[in-house]
Amino acid sequence: MATKEASSKKPAAASSSGKSTDKAASNLSPKAAAAAVRIADNKKALFNYHIEERFEAGMVLEGWEVKSLREGKVQLTDGYVVIRNGELFIIGCQINPLGTASTHIRPDSVRTKKLLMHKDQIRRLIGKIEQKGFTLVPLNLHWKAGKVKCEVGLAKGKGEHDKRDTIKDREGKREVERAMKSRSR
Numbered sequence: 499m500a501t502k503e504a505s506s507k508k509p510a511a512a513s514s515s516g517k518s519t520d521k522a523a524s525n526l527s528p529k530a531a532a533a534a535v536r537i538a539d540n541k542k543a544l545f546n547y548h549i550e551e552r553f554e555a556g557m558v559l560e561g562w563e564v565k566s567l568r569e570g571k572v573q574l575t576d577g578y579v580v581i582r583n584g585e586l587f588i589i590g591c592q593i594n595p596l597g598t599a600s601t602h603i604r605p606d607s608v609r610t611k612k613l614l615m616h617k618d619q620i621r622r623l624i625g626k627i628e629q630k631g632f633t634l635v636p637l638n639l640h641w642k643a644g645k646v647k648c649e650v651g652l653a654k655g656k657g658e659h660d661k662r663d664t665i666k667d668r669e670g671k672r673e674v675e676r677a678m679k680s681r682s683r
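Here's what the structure looks like:
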């Protein structure tokens, strides 16, 4: 009984308001509701890679890591995913420990964390990664049913010209938004 209550409170702790996420999610669009339970995004991955496919994987975490995730003390920008012996591991994902962490545990902020996926999905990823130019990158961390999930992207690296095009498009969109904003005043 206590585990059901604790799991229902986890997403509420991640939201900024005092309301439960179920009530708040019903008033929001699906995209906004998903953003309410997000822990961290890897914007650098979207800039550096073309994302071909997205997969959701569970994470094996220690207690102090979950507490730090609730506080948002995580950095995904330097993280990447490797496959060793048919298992997925995320390397370089930094979860900073809280100052109130236990005194008998020595937290390692850049510990290699295991990702959980079905074997058939992992086999499929191994086949894709063996192709030239594909890699696995963590895209975001989010709460789902009281558990921490990592969205992993099967990605292909962008060239310099692609990155310049991305910057140009982004700046063009900003200029259009500014023009529309000033026009409406």
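499 is the number of the first residue of the sequence shown in our numbering; add one for each residue after it.
Glycine residues also receive a C-beta, built at the ideal position from the N, C-alpha and C atoms.
Could you name the residues of the same chain whose beta carbon sits closer than 6 Å to that of residue i, not counting the 5 residues immediately before and after it, in chain order?
i	result
alanine 538	Val572, Leu574, Leu639
lysine 626	Phe632, Leu652
valine 577	Valine is not the amino acid found at residue 577; the sequence shown has glycine there. Here the set comprises Ile588, Gly590, Cys591, Pro636.
lysine 666	none
Between the options, which lies nearest to residue i when the distance is taken from Cα to Cα?
i	options	result
arginine 609	Lys647, Thr598, Asp576, Gln592	Gln592
glycine 631	Leu652, Leu637, Lys612	Leu652
valine 564	Leu637, Asp663, Lys611	Lys611
asparagine 540	Leu559, Lys679, Glu649	Glu649
glycine 597	Arg621, Glu569, Arg622	Glu569
asparagine 583	Ile665, Ala677, Lys617, Arg536	Lys617
Between which two residues does the beta strand (DSSP E) containing residue i stretch?
i	result
leucine 613	611–614
leucine 596	That residue, leucine 596, is in no beta strand (DSSP E); it is neither H nor E in DSSP.
leucine 586	585–589
isoleucine 581	578–582
Cβ of residue i within 8 Å of Cβ of residue j?
i	j	result
phenylalanine 553	glutamine 629	no
lysine 450	histidine 548	No answer is possible for residue 450: it lies beyond the span of the chain, which begins at 499 and ends at 683.
isoleucine 603	tryptophan 562	yes
valine 702	alanine 543	There is simply no residue 702 to check, as the chain begins at 499 and stops at 683 in what is shown.
asparagine 546	lysine 656	yes
isoleucine 588	leucine 613	yes
Quick one: what's got a C-beta closer than 7 Å to residue i's C-beta in the same chain, skipping five residues either side?
i	result
lysine 645	Gly556
proline 595	Trp562, Ser566, Pro605, Ser607
leucine 698	Past the boundaries of the shown model lies residue 698; the chain is included only from 499 to 683, so the question cannot be answered.
glutamate 550	Leu652, Ala653, Lys654
methionine 615	Phe553, Ala555, Leu586
valine 580	Phe587, Ile589
glutamate 669	none
Quick one: residues in its chain with C-beta nearer than 8 Å to the C-beta of residue i, no 5 flanking neighbours on either side, listed in chain order?
i	result
lysine 647	Glu554, Ala555, Gly556, Met557, Leu639, His640, Trp641
arginine 622	none
When the cut-off is 8 Å and only beta carbons count, does residue i lie next to chain B?
i	result
tyrosine 547	The chain inventory of the structure shown lacks chain B, comprising one protein chain alone.
Alpha helix (DSSP H) containing residue i: first to last residue?
i	result
glycine 561	561–568
arginine 622	617–627
lysine 541	541–546
Complete beta strand (DSSP E) runs within the segment 635–660 (minimum length 3 residues, chain order): 645–655
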